[in-house]
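Participant: Starting off with a structure, shown below.
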Amino acid sequence: MISAIQTQSLAKQYGSLLALSEFTLDVARGSIFGLLGPNGAGKTTLIRILTTLMRQTSGEAFIEGLDTRNQGREIRRLIGVVPQENSLDRYLTARENLELHARLHGMESKRYRKRIDELLELMGLAGRQKDFPDTYSGGMQRRLVVTRALLHEPKLLFLDEPTTGLDPQSRRAVWDYIRSIAGDMTIFLTTHYLEEAEQLCDRIAIMDHGRLIALGSTQELKDRLTGGTVYEIVFGAGAEHYAVILRGMACVLGIQVAGQTVSVGLERWECLSEVIAALNGAEVRRISLKERTLEDVFISLTGTGVRE
Ligand SMILES: Nc1ncnc2c1ncn2[C@@H]1O[C@H](COP(=O)(O)OP(=O)(O)O)[C@@H](O)[C@H]1O
Ligand SMILES: [Mg+2]
Numbered sequence: 008m009i010s011a012i013q014t015q016s017l018a019k020q021y022g023s024l025l026a027l028s029e030f031t032l033d034v035a036r037g038s039i040f041g042l043l044g045p046n047g048a049g050k051t052t053l054i055r056i057l058t059t060l061m062r063q064t065s066g067e068a069f070i071e072g073l074d075t076r077n078q079g080r081e082i083r084r085l086i087g088v089v090p091q092e093n094s095l096d097r098y099l100t101a102r103e104n105l106e107l108h109a110r111l112h113g114m115e116s117k118r119y120r121k122r123i124d125e126l127l128e129l130m131g132l133a134g135r136q137k138d139f140p141d142t143y144s145g146g147m148q149r150r151l152v153v154t155r156a157l158l159h160e161p162k163l164l165f166l167d168e169p170t171t172g173l174d175p176q177s178r179r180a181v182w183d184y185i186r187s188i189a190g191d192m193t194i195f196l197t198t199h200y201l202e203e204a205e206q207l208c209d210r211i212a213i214m215d216h217g218r219l220i221a222l223g224s225t226q227e228l229k230d231r232l233t234g235g236t237v238y239e240i241v242f243g244a245g246a247e248h249y250a251v252i253l254r255g256m257a258c259v260l261g262i263q264v265a266g267q268t269v270s271v272g273l274e275r276w277e278c279l280s281e282v283i284a285a286l287n288g289a290e291v292r293r294i295s296l297k298e299r300t301l302e303d304v305f306i307s308l309t310g311t312g313v314r315e
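Numbering (this note's numbering), first residue to last: 8 to 315.
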C-alpha cells in the first residue's frame, strides 16, 4: 500500500543553515498527522518541500507515490494547502477568492458553484460570502483559506499552523471544522500548540532544529515519559502523616506534598488499590488521575519548553 506521504533522509540547506536534516517520515492514507515543533524548527520548510513550492537539497519525498522533484504538477492536483500566512486577495470578495482558485484549478463553473455553496455553508461563511476578507475576523479568514484549499477536492490537505494567533474559541471552531472535513482525506498539519496535536491527530511527530526527535501516537509519546501514573489525593487533614506512610510503600515511585494535596507517582495503576487501603481512616476529599500533557513530553524530549 502506498503511503500518503513518505520522505527519506530529506534535507534542506539555506546557505550555511541546515533547516531540515535526515528527515524520514511515513504518513498513512486517511490519517490526521501532526508535526509539532517550536518556531524555527523547520515545519514550514518541510511543508514547502512536500507541496512542491521548494526543492529539497537532498533526500527524497513522495506524495501518493509521486516524486516531489519531478512530478510537481501531478502532486499539486492532489493536494490542498493552507499556508502559514493567509494569502487571500483583499480586492476580491470571499466568494470571488474561491472562484478564482477554482478556475486556476481548471474546475468547470457548474461544478465549482455548487461546491462553493456547499463548503461556505459547512464552514459557516455563507452569510458573509460577498464581503471582503479584510472585514473578516482572524478565525473567519482562516476558515476561508481552509475552504479554498478544499475546493478542488484534494486527497491530501496540508495545514501550516492553522490556528496560530487565534483566540481559544476560534481555535476550537477551526478544530471542529478540521474534524468534520477529515473523512478519508489525509491531513498533515503543523502546530506549536501541544494541545492542538493532542486533540486532532492520530499520530504526532515532534521536531526541533530540523530533526525528527520523536514519532508515535499521542498515547505512545505520553508513555515514553518515565514515572508511571500520577494520582493527586486531596486530604481534609493529615496530608503529612499519610505522605510518610505512602512514601514507604514499594509500588510508590515518588511523593510530592503541597498543603493538603499529595501527588503520588505509581509504578502501575494496579497499585492504586494498595494506596487506597493504606489511606483507611483518612479524610480524603478527592482522588484524581493527573493527565500528562504533550508539554511534559516535549520538555522531557528536548529539555526545554515550547518557545513562543
Ligand atoms: N528562505 C529562507 N532563507 C533562509 N533561512 C530560512 C528561510 N526560510 C526559513 N529559514 C530558516 O530556517 C529555519 C526553519 O524555518 P521554518 O521552516 O520556517 O520553521 P518553522 O516553520 O518550524 O517555524 C529557521 O531558522 C528559519 O530562520
Ligand atoms: Mg512555520
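Backbone N, C-alpha and C fix where the C-beta goes; we use that ideal spot for every residue, glycine too.
Computed from a prediction, not measured in an experiment: that's the story for all the values here.
#1: Three or more C-beta pairs under 8 Å: does that hold for the region 155-166 against the region 80-100?
#2: If we ignore side chains and look at the alpha-carbon of each, how far apart do THR75 and GLY190 end up?
#3: Are there 16 or more other CB atoms within 10 angstroms of the CB of LEU296, so buried, or fewer, so exposed?
#4: Confirm, please, whether the CB-CB distance from ARG150 to TYR123 is below 8 Å.
#5: Spatial neighbours of GLU106 within its chain, please: C-beta separation below 6 Å, excluding the five flanking residues on both sides.
#6: Looking only at its own chain, which residues have a Cβ that is under 6 Å from the Cβ of SER177, when we skip the five neighbours before and after it?
#7: For the structure I just gave you, are there three or more beta carbon pairs, one from the region 258-276 and one from the region 233-249, closer than 8 Å?
#8: Look at the alpha carbon of ARG36 and the alpha carbon of ILE9, and state the distance between them as a whole number of angstroms.
#9: Are THR63 and LYS19 close, meaning C-beta to C-beta below 8 Å?
#10: Report yes if the C-beta of LYS50 is less than 7 Å from at least one heavy atom of ligand 2; otherwise report no.
#11: Assess contact between the region 184-199 and the region 218-228, defined as three or more Cβ pairs (one per stretch) separated by less than 8 Å. Is contact present?
#12: Hey, quick one: how far does the beta strand (DSSP E) through LEU260 stretch, first residue to last?
#13: Which whole runs of the alpha helix (DSSP H) in the region 126-204 are 4 residues long or more, in chain order?
#14: DSSP three-state call for ASP209: helix, strand or coil?
#15: Among the candidates LEU173, GLU302, ALA257, TYR249, whose CA atom is the shortest distance from the CA of SER144?
#16: Less than 7 Å separating the Cβ of LEU301 from some heavy atom of ligand 1?
#17: Is it the case that the region 200-216 contacts the region 24-39, given that we only count it when at least three CB pairs across the two stretches are under 8 Å?
#18: Which residue or residues does DSSP assign as beta-bridge partners of THR236?
#19: Suppose the cutoff is 8 Å on Cβ atoms and the five residues either side in sequence are ignored; what does the same chain contact list for ALA285 look like?
#20: Counting along the chain, where does the beta strand (DSSP E) carrying ILE86 start and finish?
#21: Return yes when the C-beta of GLU168 is under 7 Å from any heavy atom of ligand 2, and no when it is not.
#22: Per DSSP, what are the beta-bridge partners of GLN20 in this structure?
#23: Taking 7 Å as the cut-off, is the C-beta of ASN46 nearer than that to any heavy atom in ligand 1?
#24: Answer with buried or exposed for ARG97, where buried requires no fewer than 16 other C-beta atoms within 10 angstroms of its C-beta.
#25: How would you label ASN77, buried or exposed, when you count the other beta carbons within 10 angstroms and need 16 or more for buried?
#26: With a threshold of 7 Å, establish whether the CB of LEU17 neighbours any heavy atom of ligand 1.
#27: Going by the beta-carbon positions, is the gap between LEU132 and THR154 smaller than 8 Å?
#28: Alpha carbon to alpha carbon, how far is ARG55 from SER116?
#29: Compute the Euclidean distance between the alpha carbons of HIS108 and LEU157, then round it to the nearest angstrom.
#30: Within 8 Å of any Cβ in chain D, is that where the Cβ of ARG178 sits?
#31: Closest to ARG179 by CA distance: which of GLY44, VAL304, LEU207, GLY66 is it?
#32: Which residue's Cα is closest to the Cα of THR170: PRO90, ARG135, PHE139?
#33: Under DSSP, the beta strand (DSSP E) around GLU67 begins and ends at which residues?
Facilitator: Short version:
#1: Flag = yes, the region 155-166 and the region 80-100 touch.
#2: 25 Å
#3: By the 10 Å Cβ count, LEU296 comes out exposed.
#4: First, the amino acid is wrong: residue 123 is Ile here, not Tyr. Taking 8 Å as the Cβ cut-off, ILE123 and ARG150 do not qualify as a contacting pair.
#5: none
#6: Around SER177, the same chain offers GLY146 as residues with beta carbons nearer than 6 Å, after the five sequence neighbours per side are excluded.
#7: yes
#8: 8 Å
#9: The sequence given here has Gln at residue 63, not Thr. Result yes, Cβ atoms of GLN63 and LYS19 sit closer than 8 Å.
#10: yes
#11: no
#12: 259-265
#13: Uninterrupted alpha helix (DSSP H) stretches at least 4 residues long and entirely within the region 126-204 occur at 145-157, 175-189, given in chain order.
#14: coil
#15: LEU173
#16: no
#17: yes
#18: LEU273
#19: TYR249, ILE252, LEU253, MET256
#20: 86-89
#21: Remark: the shortest separation between the CB of GLU168 and any heavy atom of ligand 2 falls under 7 Å.
#22: LEU25
#23: yes
#24: exposed
#25: exposed
#26: no
#27: A contact, by the Cβ cut-off of 8 Å.
#28: 29 Å
#29: If I take the Cα positions, the gap works out to 10 Å.
#30: Included in the structure is just one protein chain, with no chain D present.
#31: LEU207
#32: The shortest C-alpha to C-alpha distance from THR170 to any of PRO90, ARG135, PHE139 is the one to PRO90.
#33: 65-70
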